[in-house]
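Per our numbering, the sequence shown runs over residues 110 to 243. Here's the structure, in structure tokens; my notes come after.
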Amino acid sequence: MNRSLIDTDILSYFFKGIPSVGSGFQKYLKEYNQIEISIISVYEIRSGLFAKGALKQLAEFERFLLGCNVIPLSDQSVQISAEIYGKLKKEGQRLDDIDLLVAGIALENGFSLVTNNLKHFSRIPGLSVENWNS
């Protein structure tokens with residue numbers, strides 16, 4: 110199992126109790142002792158929970174974060190994301206900015222990306238992707 114950055118959709122499935130995702134988390138934690146998530150995913154989860162007024166789930170998420178390695182957005186990851194954007198745009202393909210930033214963070218740090226959105230992320234050269242929701 111490779112060191113991996115966990116994407117927002119997989120985090121959501123984990124909190125919904127999807128068994129295959131929970132199993133993926135257990136295997137990963139057994140090997141690496143800590144989950145890696147991007148600051149972008151932290152933003153996405155928090156903003157979604159605030160929008161729903163889900164304060165109980167927000168508190169649960171904040172407790173979960175205490176055991177995570179939150180990977181920041183750096184100048185280098187922004188550079189990588191911008192290069193990916195330029196390449197995809199030249200090819201007539203689009204990817205939203207949030208996904209580009211997550212990919213840039215994963216690539217900068219040498220992580221695979223665990224996501225349910227294989228269709229979008231598999232277009233990014235050099236990015237290894239896997240799905241624990243299967």
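A virtual CB, placed ideally from N, CA and C, is assigned to each residue, including glycine.
Please determine, among Gln166, Leu210, Leu175, Leu204, the residue with the shortest C-alpha to C-alpha distance to Val187.
Position 78 of the sequence shown, counting from 1, holds the residue named residue 187. The shortest C-alpha separation from Val187 is found at Leu210.
Straight-line CA distance for Ala168 to Leu175?
For the purposes of this step, residue 168 is taken as the residue at position 59 of the sequence shown. For the purposes of this step, residue 175 is taken as the residue at position 66 of the sequence shown. So the two alpha carbons sit approximately 11 Å from each other.
How many angstroms separate the CA atom of Lys228 from the CA atom of Leu236?
Here the question's residue 228 lines up with position 119 in the sequence shown. Here the question's residue 236 lines up with position 127 in the sequence shown. Answer to the nearest angstrom: the Cα atoms are 12 Å apart.
Assuming Asn242 and Tyr122 make a contact with CB atoms under 8 Å, what is their CB distance in whole Å?
Residue numbering aside, residue 242 sits at position 133 when the sequence shown is read from its first letter. Residue numbering aside, residue 122 sits at position 13 when the sequence shown is read from its first letter. About 5 Å separates the two Cβ atoms, so the contact holds.
Using beta-carbon positions only, say whether Asn223 and Ile115 come within less than 8 Å of one another.
As a first step, residue 223 must be located in the sequence shown, where it is residue number 114. As a first step, residue 115 must be located in the sequence shown, where it is residue number 6. It should be noted that the sequence gives Val, not Asn, for residue 223. Yes, these two residues count as a Cβ contact at 8 Å.
For a test of the three-state rule: what should DSSP assign to Glu200, helix, strand or coil?
On the sequence shown, position 91 is the one that residue 200 refers to. Glu200 falls in the coil class under three-state DSSP.
Just checking Ser113 against the ligand ZN - is the residue's beta carbon closer than 7 Å to any of the ligand's heavy atoms?
Summarising the ligand content, the structure contains no ligands, and the ligand ZN is consequently not present.
Going along the chain, which residues of its own chain have a beta-carbon closer than 6 Å to the beta-carbon of Gly133, five neighbours each way excluded?
Along the sequence shown, read from residue 1 onward, the residue named residue 133 stands at position 24. Excluding residues within five positions, the ones whose Cβ falls inside 6 Å are Trp241.
Which whole-angstrom value is the C-beta distance of Glu145 and Asn178, which I expect to be below 8 Å?
Counted from its first residue, the sequence shown places residue 145 at position 36. Counted from its first residue, the sequence shown places residue 178 at position 69. Contact flag correct, Cβ pair sits at about 5 Å.
Using DSSP's beta-bridge definition, name the partner residues of Ile144.
Reading the sequence shown from its first residue, position 35 is the one you call residue 144. In DSSP, Ile144 forms a bridge with Cys177.
Please work out which residues of its chain come closer than 8 Å, Cβ to Cβ, to Arg232, disregarding the five sequence neighbours upstream and downstream, and give them in chain order.
The residue labelled residue 232 in the question sits at position 123 within the sequence shown. The residues are Leu197, Gln202, Leu204.
For the alpha helix (DSSP H) that Ser121 lies in, which residues bound it at each end?
The residue labelled residue 121 in the question sits at position 12 within the sequence shown. Run containing Ser121: 117 to 124, per the alpha helix (DSSP H) assignment.
Can you tell me whether DSSP reads Leu216 as helix, strand or coil?
In the sequence shown, residue 216 corresponds to position 107, counting from 1. Correct three-state label for Leu216: helix.
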